[in-house]
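Participant:
Numbering (the UniProt record's numbering), first residue to last: 1 to 138.
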């Protein structure tokens, strides 16, 4: 699948997502644009790690997409939701923000089973408590 910006989604992106969603072999995935800006690729997928480990993988000065298998407790018991992140920090270059913004939908549509989408421009917006609050509102 390709976006309005002409950027394609690498099949490894969907494969990694299926491993997270179905196999539970992956806790989180960080996606990035290829160096030539022609496709979205998997930068990292981790079988385990804390939420802080996940956040540490998001660069403070460049955009990324990410998916996290978010575990939390509710009055009904333990739950989990698959959360999609569009990470676009304020300090990222304008060109990068524009390319990531225009190609997000192609990746998003390739990943069936996302429960919540988070737009993050700083680490406060993607903090565990902030994301948990958004999940619980749904």
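Idealized CB from N, CA, C, for every residue including glycine.
Would you mind working out which of 69, 15 and 127 sits nearest residue 27, comparing C-alpha positions?
Facilitator: 69
Participant: Quick check: the Cα distance between residue 74 and residue 36, rounded to an integer number of angstroms?
Facilitator: 44 Å
Participant: Considering Cα atoms alone, identify which of 31, 24 and 21 is closest to residue 106.
Facilitator: 31
Participant: Mind pulling the alpha helix (DSSP H) runs of 4 or more residues that sit fully within the UniProt domain "ADF-H" (4-136)?
Facilitator: 11-18, 51-56, 94-110 and 128-136
Participant: Are the stretch 74-87 and the stretch 42-49 in contact at 8 Å, needing three or more beta carbon pairs?
Facilitator: no
Participant: In chain order, what residues of the same chain have a beta carbon less than 6 Å from the beta carbon of residue 119, not counting five sequence neighbours either side?
Facilitator: 86
Participant: Excluding the 5 residues flanking residue 96 on each side, which residues of the same chain have their C-beta closer than 7 Å to its C-beta?
Facilitator: Hits under 7 Å: 62 and 63.
Participant: Residue 72: buried (16+ other C-beta within 10 angstroms of its C-beta) or exposed?
Facilitator: So residue 72 ends up on the exposed side.
Participant: Have a look at 84, 67, 92 and 80 and flag the residue whose alpha-carbon is nearest the alpha-carbon of residue 59.
Facilitator: 92
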